[in-house]
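S.K.:
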Amino acid sequence: MNNAYNLRDVYFKYSDKWILEDISFDIKNGEILGIIGPNGSGKTTLLKLLSRILTPGRGDITVKGIDIAKYNHMDFARSVAVVPQESSFLFPFTVAEAVLMGRSPYLKGRLFENYHDAEVSAEAMKWMDIYDLKDRPVTDISGGERQRTIIARAIAQEPDILILDEPTTSLDIGHQTGIYNLLTRLNSERGLTIVLSSHDLNLAAQYCNKLILMNKGKIYDAGTPFEVITEGNIRDVYGCEVIVDENPVTKTPRVTLIPGETPMNLCLTKEYQNTYTTKAHI
9 MNNAYNLRDV YFKYSDKWIL EDISFDIKNG EILGIIGPNG SGKTTLLKLL SRILTPGRGD
69 ITVKGIDIAK YNHMDFARSV AVVPQESSFL FPFTVAEAVL MGRSPYLKGR LFENYHDAEV
129 SAEAMKWMDI YDLKDRPVTD ISGGERQRTI IARAIAQEPD ILILDEPTTS LDIGHQTGIY
189 NLLTRLNSER GLTIVLSSHD LNLAAQYCNK LILMNKGKIY DAGTPFEVIT EGNIRDVYGC
249 EVIVDENPVT KTPRVTLIPG ETPMNLCLTK EYQNTYTTKA HI
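Under our numbering, think of the first position of the sequence shown as 9, with each following residue one higher.
1. Would you identify the three-state DSSP class for N282, choosing helix, strand or coil?
2. If I'm right that L54 touches I43 with Cβ under 8 Å, what's the distance once you round it to whole angstroms?
3. Would you report the Cα separation of K21 and G65, rounded to the nearest angstrom?
4. Using only the alpha-carbon positions, how far apart do A132 and D24 sit?
5. What is the DSSP secondary structure of T192, counted as helix, strand or coil?
6. Report the three-state DSSP secondary structure of M9 (helix, strand or coil).
7. Count the other C-beta atoms from every protein chain shown that fall within 10 angstroms of the C-beta of A77, then say buried if there are 16 or more, exposed otherwise.
8. Name, in chain order, the residues that DSSP records as bridge partners for P261.
9. Quick check: what's the CA-CA separation for P100 versus L41?
10. Put E197 into one of helix, strand or coil per three-state DSSP.
11. Tell me the residue span of the alpha helix (DSSP H) that contains A152.
12. Are E39 and K218 close, meaning C-beta to C-beta below 8 Å?
13. Pop quiz: V91 and A162 are said to be a contact at Cβ under 8 Å. What is the actual Cβ separation, rounded to whole angstroms?
14. Tell me the DSSP secondary structure of R16 in three-state form.
15. Going by C-alpha distance, which of K226, S205, G225 and K224 is nearest C216?
16. Taking the DSSP output, what are the residues bridged to I171?
17. Select from I149, E166, L98 and A89 the residue whose C-alpha is nearest the C-alpha of H124.
18. Are the Cβ atoms of R156 and D143 separated by less than 8 Å?
19. Under 8 Å between the Cβ atoms of K72 and N122?
20. Report the three-state DSSP secondary structure of L221 (helix, strand or coil).
21. Taking C-alpha atoms, which residue in G247, S95, I237 and P267 lies nearest to T260?
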C-alpha cells in the first residue's frame, strides 16, 4: 500500500531566498505526524506544500503514490482536507451551512447539496460535538466552537488525510485538549491520517506518534516523541534550557522550562547561529 505522502529532496524559495531545503520524509497511512519548531522554521510553508497551496521549486511530492501535481482540484479535495491557521466567515452562515460547504468537491455539476451531503455534514458535526449548534450563526459562537466547525467542514470532505496548521492556537486549555482528543478519535476510529503543526511541545508529544523538528528551513531531527523531544534538541533549536522527563499519566515526554535559564542573548551571536546543523532525515 502506498504511503499517504512521500517527499524527496524538496526545496522551496520565495524570490531568491530558500525557505525550505533538502526536505525528505514519508507519512504512513494512519499516522498522526506533528511538525514542531520555532517561529520562522518553515512549518507553515511545509504544510502549504503538502496542501498544494505552494509548489516546490525542486524535488518530488507524492500523495497516495501519485505526483501531487497530477491531481485535479476536486480529486485532491476528496483526498486531502486542510484546516488553515486562520479562518474567518464574512457572512453569518449557520454552523450547518458552514459545515455543508465541505461537500463542494462532490457536487459534480449540481447547484445544491443533496440528502446524502446533509447526512455526511450532520455526522461531521456530531463527531466534533457541535450538532446542537447547527442553527447558530458562526459569528455568534465561541472561538473553540468556531474551530470545531472548521474542522467539521474538513471532515465533511470525507478525506483520507487531514492537515491542520496550529489547530489550537489562541484556545484555552480545555478547548485545546478537547480538539486533540477528537482528532485522536478520528485517527483511531476512522483511520484518518493527520498532519499538524504545533508550538506546544507537550501537546505534540502527547498526541502525535511521530514528530518532525524543523529549524531554519531544514529537518533538524525526526522520529518518535522521545527521540525528538530531548533537552539537547530544545536547547539547540529553541535556545532555552528545559527539563524533559516522562509524564506519569500519558507516559510521553514532558517539557518543563527552567526559569531564568533562557540564553536568548546567544541567539544574537553569529557563533551560536553557526551551531545549528541538520541532525537527521526520516
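Ideal placement from N, C-alpha and C gives every residue a C-beta, glycine not left out.
M.R.: In short:
1. With a pLDDT of only 47 at N282, under the threshold of 50, the placement of this residue in the model should not be trusted; the figure read from the coordinates follows. Here N282 sits in coil by DSSP.
2. 6 Å
3. 7 Å
4. 43 Å
5. helix
6. coil
7. exposed
8. E254
9. 34 Å
10. helix
11. With the sequence shown as reference, residue 152 is identified as Gly, and Ala is not the correct amino acid for it. Residues G151 to I163.
12. yes
13. 5 Å
14. strand
15. S205
16. V90 and V203
17. E166
18. no
19. no
20. strand
21. I237
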